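The structure appears right after this line, and notes come after that.
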Amino acid sequence: MTTEAIPEGFVGQPVKRTEDRRLITGKGRYLDDIQMPGLAYMAILRSPYAHANIKSIDIEVAKSMPGVLDVLVGADVPYNPLPMAWPAGGSAGIQNNVSTPRALATDAVKWNGEGVAAVIADSPEQAADAVEAILVDWEPLPAVVDAEKATQPGAPQLHSTAPNNVVFEWSVGDKGGTAAAIDAAEVVVKQRLVNQRLIPNPMETRGDIGMYNPGTDEYTIWMSSQTPHIQRLLLAAFVMGIPEHKIRCISPDIGGAFGSKIFTYADMPLALLASKRLNGRPVKWVEGRRENYQSTIHGRDHITYLEIAGKRDGTIDAVRVKTYANLGGRLSTIGPGIPTTLYARVLSGCYKIPNVYAEVVGVYTNTTFVDAYRGAGRPEATYVIERAMDLFAAEIGMDRAEIRRRNFIPPDAFPYENPSGLGTASGGAKIYIDSGNYEPALDKALATAGYANLAKSKEEARKRGKYLGMGLSTYIEVCGVAPSKWIGAVGEGWGAAMWESANIRVHLTGKVVATVGTQPQGQGHETTYAQVVADELGVPMEDVIVQHSDTQGTPFGYGSYGSRTSSVGMTAAIKAAGKIKDKARRYAAHMLEASVEDIEVNGADYFVKGSPEKKKTIQEIAFALDLAFDAPEGMEPYLDETAYHDTPNCTWPFGTHIAIVEIDEATGEVDLLRYIAVDDVGRKINPLIVDGQLHGGIAQGVGQALWEAAIYSDDGTLQSGSMLDYALPRAEWLPAFELDETVTPSPVNPLGVKGVGEAGAIASTAAVANAVNDALAPFGIRHLDMPLSAARIWAAMQAAGSGTSGSNGSNGSNGKEAQA
Amino acid sequence: MIPATFAYERASTVDEALSLLMEDGADAKLIAGGQSLLPLMKLRLARPDRLIDIGRIESLRGVRQTSDGRLAIGALTTYAQLLDEPTIMGLALMADALPRIADVQVRNRGTIGGAIAHADPAADMPAVLLALEAEVVARSAHHGERTIPIGEFFDGAFSTALAPDELLTEIRVPAPSGSYGSAYRMLEQPASGFAIAGVAAVIGQTGGSSRDAEIDDVRVAVTGVGEKPFRATSVEDALRGTKLGSAAIGAAVASICDGVSVQSDIHADRTYRSAMAVVMAKRALESARERLFE
């Protein structure tokens, strides 16, 4: 055999995204681009009150308005309330007091924006006009928007089934052991931390087109959703009570989601019902931006009481938190799973902390429901533990890098089971942190940032009227969710599996169609799947088309979220390609009159061992197997294989992010000067896409640290109700990110990938918050809550005085003094 | 995000616009670039029965120099056009303010006349024009043309001295005699980009620039802080006749919000907004002083 250089594969190359030509030249097809004959339009009347009883609804005027085809109120909708699929603790004995939205509210509303009635009309303008003509007789009720206040005596009560507005009280870890460790500790630092509520803000808002076919009694819904397969199951079996095979769900191009499009929303069954009532006229609903702010999920919103305890030498012995998680007025699809499994169980981060105890109270308030937003629980956990490390270091006077180094899980401790028990399904299934080596990333980031010169930089900044600060965030996260035996088991899980699927067909002409169960929403899956499949089959990338997003014609898949597509979905594609190759090899053996064992494969070439000139290409094999006149007895025609992959473990990206900020002492404005990120996301399929994911994630996390906040008035009105009042990060406010890497291939999947969709957002919030708090240390300010707005920082600096007073000032009533 | 129904008419001349404005019955609104009005209509916070589009009246577009040396800015001149106009960009405070107004798309459509007729209390141009002591020219079919000093133009938030039948046609900026320095400094509300506090300063020495002479013309205008943009006369009075030393500036600007009903919102309470008016005034005055002596 000649020794030819093996051509470099596509995997690992910074290939430009194949979908971008379509998407950036306006040739994409998003939900609102879809037109069809007879399309009618739905508009939804939303509650102006955060909490009110509905005494009556008068739809007569609206019904008589021009173009109005139908008006729906709650009583017209025969469906079940929306499903809630991930109770805290599953069925492991934790009481979850569940109230989920109906498609339209019937007797009461629980937040400003809950849907009350729907108008279907010939045009969107007519529908919007008629919505205004619906008269609701409201009985306003007192509201509560703060999760901690909602649990206190005398607070307005949202649901008779949830005393004190408590959805659940859940805990994890060793309560007694942690208490003993804290009681015995040399140093205990306490702090109240608020992780403020955020609005996900995808560029494309949500929408649906519902279409009923009266001839076949089947439903089709086009939806801006991350999870068309899950939605088919939930809509059929849990909402509408119709057979699953009678619904087809299609996600067209999705203009961003960040978690907010995972869930079942009231508009989905409404659009289908509306179409049925119109005898099959398709009905489109597209959310306005203001409506998106009020009625698509929000993220975060935790109030946490933190205690971190340890020794003066920097050893951390225990972490204890009590977290109030605001879940909104009713529960979203997996709302309770976020602050429990995805938050508390990863609270100890990359540190070897022997005692961890977390108590989480899920709470109803008169606000929009809260569910997964980029990172989902892990940014909240990272924020807590990374602030905690800084607070503890400050208390004992230790360097912040050193305290991290000292408490890292050491490289020889993997697989590592953390003390908050990553996964304790009742069957005993657990997941472990499989691998990691945290110091090299830390060292690299410190060197790039010039950590050694920090004091000098601070002095120099003071001469310019600025306070400079640097913040570290040494994060890990859990990606590639999740082994079904864990996530699907009765107990901690959400009672459903989370495998993925792929089908690959090599057609007669050698062109390849890969059909996958995951669902892109901007990540470039059409490119990265093609890179992987092209390498596996040895064909050009442009010969591979990636199909997805339609429950008719794609194998079932659980969708894309939790940074799982590369680890779980692409492994399914590799398995399917492996089956294709096996069959091709068998057929090559037949064609070349050799035994299967003697056929070797190199890229597209299948040749006889020792006789490379005796070969057939995958294209020749596909052609012959399609025509099949020469197929051996028992061999099925065509190269068409499907594979399912259930991951044996999650994956664990990690890294060190460093933010350097300057604060203007006169205004409190924060300038993010530099941002250094050293990430280990395992092997990279496409470094260009990885960088893009990191850039976007970092920007989103910085947004939380400095600018973003969903703000409700005390009576429950969403005050940050549009982009005029909700500040999204802008490119001009951000420096050029300085990205670097370490590469520790994941042992969990053949590609060695870990996932990168959320890493940036998980790490960056804490890095920037730590930097700002570091900059404010000369004022004696120990902790300020986010967003670290100019106004908040200025007020804190004023309260602290000259900058040398050394007051132990936390912000306002949030202060919890350190105790030695 | 869908406006309520409205009628639409396009005027091709000023006279046509004025006669359309006279038609009775309906609540009419003039639309130029639409960058403020259309969002309000889409939110149904504004619901005019009738829109009269003046956006293509070419005679209202562009900047010219009048015979007495003033700059006459047509009401329909866009921010983007102003940014390309050397005479405008030669005014340092305009050069400070214009590039920071909104974004490229808005600057390509938004007009200076529309901005001040809209009279957003946190917009930049009102403060700049107050400090420049501009005049606003308005015309109506019945009463012809009149000139309104900018100091009398803003009545309150989103409210001006324009009568319902009047069309704002031109803004005139006087040509200063003597040596002048100017600056505009603002602290941005991060979501909207509007000013939490914005201060325009114009200072001058009518006898020519000299570090040893007193400053005899001081104008300080504030936006984003009160119910309407205003001239901070107490600051001006305190600084007129001084050499505008840093100590004098520091002492004078402390009174900038005296007598003003300072606004409060979720982004900035009264204390912070007042303090930022002081900081921006100080920065604007110091920058104007540096430029005067450049």
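Chains as they are written, first to last, in the numbering used here: chain W, 297 to 1116; chain L, 88 to 381. Note that CB positions come from ideal geometry on N, CA and C, so glycine has one too. Computed from a prediction, not measured in an experiment: that's the story for all the values here.
{"Query": "Contact list for ARG586 of chain W against chain L, beta-carbon separation under 8 Å", "Result": "MET88 and LEU130"}
{"Query": "Contact check, GLY156 of chain L vs ALA262 of chain L, beta carbons under 9 Å", "Result": "yes"}
{"Query": "Start-end ranges of the alpha helix (DSSP H) lying completely within the segment 847 to 918 of chain W, minimum 4 residues", "Result": "866 to 887"}
{"Query": "Environment of VAL892 of chain W [buried if 16+ CB atoms lie within 10 Å]", "Result": "exposed"}
{"Query": "Beta-carbon separation (whole angstroms), VAL483 of chain W vs ILE692 of chain W, contact threshold 8 Å", "Result": "6 Å"}
{"Query": "MET694 of chain W - DSSP class collapsed to helix/strand/coil", "Result": "coil"}
{"Query": "Residues, ordered as in the chain, of the segment 518 to 541 of chain W that lie near chain L by beta-carbon distance below 7 Å", "Result": "none"}
{"Query": "Enclosing beta strand (DSSP E) for TYR639 of chain W [first to last residue]", "Result": "Here TYR639 of chain W belongs to no beta strand (DSSP E), and DSSP marks it neither H nor E."}
{"Query": "Per DSSP, the bridge partner or partners of PRO436 of chain W", "Result": "W:ALA348"}
{"Query": "Burial state of VAL191 of chain L (16 or more Cβ within 10 Å)", "Result": "exposed"}
{"Query": "Under 7 Å (Cβ pairs) to chain L, residues found in the segment 981 to 1010 of chain W", "Result": "TRP1003 and ILE1007"}
{"Query": "Closer than 9 Å to chain L by CB, THR321 of chain W", "Result": "no"}
{"Query": "Buried versus exposed, by CB contacts within 10 Å (16 or more), PHE950 of chain W", "Result": "buried"}
{"Query": "Cβ of THR770 of chain W within 9 Å of any chain L Cβ", "Result": "no"}
{"Query": "Per DSSP, the bridge partner or partners of GLN819 of chain W", "Result": "Beta-bridge pairing links GLN819 of chain W to no other residue."}
{"Query": "Under the three-state DSSP convention, the category ALA91 of chain L falls into", "Result": "coil"}
{"Query": "Of the listed residues L:SER342, L:ALA341 and L:ARG360, nearest to GLN350 of chain L (C-alpha basis)", "Result": "L:ARG360"}
{"Query": "Of the residues W:ALA423, W:THR402 and W:SER769, the one placed nearest LYS359 of chain W, counting alpha carbons only", "Result": "W:ALA423"}
{"Query": "Closest residue to LEU1072 of chain W among W:GLY472, W:TRP1090, W:TYR375 and W:LEU1020 (Cα-Cα distance)", "Result": "W:TRP1090"}
{"Query": "Chain-ordered chain L contacts of MET338 of chain W [CB-CB under 7 Å]", "Result": "In chain order: nothing, as chain L lies at least about 13 Å away."}
{"Query": "Exposed unless 16 or more other CB atoms sit within 10 angstroms - verdict on ARG143 of chain L", "Result": "exposed"}
{"Query": "Chain L contact for TYR508 of chain W (CB, 9 Å cutoff)", "Result": "no"}
{"Query": "Residues near THR592 of chain W by beta carbon distance below 6 Å, same chain, minus five either side", "Result": "ARG502 and SER556"}
{"Query": "Three-state secondary structure (DSSP) of GLU314 of chain L", "Result": "coil"}
{"Query": "Residues within the segment 337 to 362 of chain L neighbouring chain W, beta-carbon criterion of under 9 Å", "Result": "ASP352, ILE353, HIS354, ALA355, ASP356, THR358, TYR359, ARG360 and ALA362"}
{"Query": "Candidates W:SER780, W:ASN1069 and W:ILE495, of which the one nearest ILE1077 of chain W by Cα", "Result": "W:ASN1069"}
{"Query": "Anticipated Cβ contact below 8 Å, ILE235 of chain L with ALA225 of chain L, distance rounded", "Result": "6 Å"}
{"Query": "THR938 of chain W versus VAL864 of chain W: straight-line alpha-carbon distance, rounded", "Result": "14 Å"}
{"Query": "Segment limits, alpha helix (DSSP H) that includes ASN799 of chain W", "Result": "Segment 796 to 802 is the beta strand (DSSP E) holding ASN799 of chain W; no alpha helix (DSSP H) there."}
{"Query": "Same chain, Cβ closer than 6 Å to PHE240 of chain L, neighbours up to 5 away in sequence not counted", "Result": "VAL223, THR247 and ALA248"}
{"Query": "Interface residues of chain L facing MET1019 of chain W [CB-CB closer than 7 Å]", "Result": "ALA278"}
{"Query": "Whole-angstrom distance between GLU257 of chain L and LEU341 of chain W, CA atom to CA atom", "Result": "44 Å"}
{"Query": "PHE658 of chain W (DSSP reduced to helix, strand or coil)", "Result": "Contrary to the premise, residue 658 of chain W reads as Gly rather than Phe in this sequence. Looking at GLY658 of chain W - three-state DSSP - the assignment turns out to be strand."}
{"Query": "The segment 813 to 826 of chain W / the segment 515 to 531 of chain W touching (three or more Cβ pairs under 8 Å)", "Result": "yes"}
{"Query": "Proximal chain W residues relative to LEU125 of chain L, where beta-carbon distance stays under 7 Å", "Result": "Simply none; closest approach about 14 Å."}
{"Query": "Pairwise C-alpha distance: HIS1079 of chain W and SER845 of chain W", "Result": "45 Å"}
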